[in-house]
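Working notes for the structure below.
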């Protein structure tokens, strides 16, 4: 039996807001949060010894299939953010992440998203099985997410 | 009575894929479609004589609240795309757009999104009434979207 | 003998400034001018039937070797710019462009750059001969640039 | 007398190459190095307690006036880079930086630039005196750079 209390906190990446991330409205430009989330997923993979470029050499690439993002409050230049990456569901050829962008130090939720990623062959774009190293990271089927 | 046949086709903006839009996977980097969609909304506003910068002078800004995007097929360097912007719903302080990215010339759907935008005061970030020029563009309540 | 009066005006691409191009300082973010200049070079090539992606299929890529850019005045959201691309010098494996970003409609110089591009093999990154289609576009040795 | 041996090594910021930084040529997109260099200058300022956003509140902004960049070798997805920021010259209203992008761990030079920054009033764009906190950081006139 899976106990929710056993759940470890999701992976987190600290990210600083630079001038490149902002727009003339004075806030972080909304698509940049997808960049931040991609960085967090990449670092989560790296923390588990999966490398994107090495994957490409093996004809493996990852493409985003769906993204649903809610923008809660604006983030500003010079702020520090924490970006989480939590693999919540997984099929043979896809992964679904829940990701949050939180403001440091008060933990206020800035943005939140569900992102579905497909594993594809780099040359053809066709779906292919996730590498064993990732499948081994998949949450158990009964995981209460 | 509103007849769906009366509905005019949505606004469209042609967009070329440049090297800046692509990534090492050889395809358009997924957050760039949000850029393309923002450009189409901006040009739709411009076609109706609403200017973003002039709005800022009047303390009006627009922020994305929610975005749900489905990526159907990849787009590639040098391709030409058509990006639609269709205002489907509207409140006093928000607008909801349905947007598609279509490949030229075959019309294949590349990506599709629902984007909810809030009108805010530039200085405080608080919700404020949409300008009259935009409210006048709003679809009728009974519009069958 | 080459007469400067024979010189045709350089290729120009119109570019609109979108919110994605601006930063929290309220102006176009300085690296974006390199994007604009790259788009103008790409469209100049396209106007001469040279396609970047088709080149990649033939193992041809282009990399910037040097860029010197002078920022004269700021550009702002909603402004329209004209970006020129003028091939001023050319070797067997490189091209040098002079490029200007001009404000519409008053023609004020916004930014100006000299950009040296090398032709390389996509797989190895090693220099390779420019395609014949480009060498044919090269300015004459005596051209008074 | 100033002894070059006294010179401390320049400020360095580690930067990871993410998929967002790459293009369809498989390498880091050339304007991104200007992003990396801006981040390093910002972190150098932060290490000396100068904050960009706080400056904006005081009507202070910084704009790039000139940038000359040499691209030595390509950088690739997943690589780690070190980006230096060395203030080499300084006037009353401007700073000049020498910056390098070095590959980790072998220290190979990836790119190198001289960047001249002007201090301006955020509202008018007119030159204004550098803040005292920055002038205090300026290299001595006789510094052998």
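Protein chains in written order, with my numbering: chain A, 1 to 145; chain B, 1001 to 1145; chain C, 2001 to 2145; chain D, 3001 to 3145.
Here a beta-carbon is modelled for each residue, glycine too, at the ideal position from N, C-alpha and C.
Since this is a predicted model, take the numbers as computed values, not measurements.
Among the bridge pairs identified by DSSP, residue 1017 (chain B) is matched with none. At least one CB atom of chain D sits nearer than 9 Å to the CB of residue 76 (chain A). Short of 7 Å from the beta carbon of residue 3123 (chain D), and not among the five residues preceding or following it, lie these beta carbons of its own chain, in chain order: 3059. Here DSSP, grouped into helix, strand and coil, assigns residue 3032 (chain D) to helix. With 16 or more neighbouring CB atoms inside 10 Å of its own CB, residue 1041 (chain B) falls in the buried class. The region 84–94 of chain A makes no contact with the region 2025–2039 of chain C, as fewer than three CB pairs between them are under 8 Å. As computed with DSSP, residue 3079 (chain D) is found in no beta bridge at all. Listed in chain order, the non-local C-beta contacts of residue 3104 (chain D) below 8 Å within the same chain comprise 3014, 3079, 3080, 3081, 3082, local neighbours out to five positions each way being set aside.
DSSP places residue 2121 (chain C) in the uninterrupted beta strand (DSSP E) bounded by 2109–2121.
Taking all protein chains in view, the Cβ of residue 107 (chain A) is surrounded by fewer than 16 other Cβ atoms within 10 Å, so the residue is classified as exposed. Take residue 1073 (chain B), set aside five residues on each side of it, and the residues of its chain with a beta-carbon closer than 8 Å to its own are 1103, 1108, 1109, 1110, in chain order. For residue 43 (chain A), the closest C-alpha among the options A:10, A:26, A:18 is that of A:10. In the structure shown, residue 1128 (chain B) adopts coil according to DSSP, grouped into three states. With a beta-carbon spacing of about 5 Å, residue 2069 (chain C) and residue 3067 (chain D) fall inside the 8 Å limit used to define contacts. For residue 47 (chain A), the secondary structure class from DSSP, reduced to helix, strand or coil, is helix.
Residue 2100 (chain C) and residue 2048 (chain C) have their C-alpha atoms roughly 20 Å apart. Between residue 3026 (chain D) and residue 1121 (chain B) a beta carbon distance of about 44 Å is seen, past the 8 Å cut, so the two are scored as non-contacting. Within its own chain, the residues whose Cβ lies closer than 7 Å to the Cβ of residue 19 (chain A), once the five positions on either side in sequence are excluded, are 77, listed in chain order.
For residue 2019 (chain C), the neighbours in chain A by C-beta distance under 8 Å run, in chain order, 23, 24, 25, 29. About 22 Å separates the CB atoms of residue 28 (chain A) and residue 1071 (chain B); that is not less than 8 Å, and the two are not in contact. With 16 or more other CB atoms across the displayed protein chains lying within 10 angstroms of its CB, residue 3061 (chain D) is buried.
Proximity to residue 139 (chain A) across A:126, A:115, A:96, A:50 peaks at A:96, based on C-alpha coordinates. By DSSP's assignment, residue 1068 (chain B) forms a beta bridge with A:68, B:1114.
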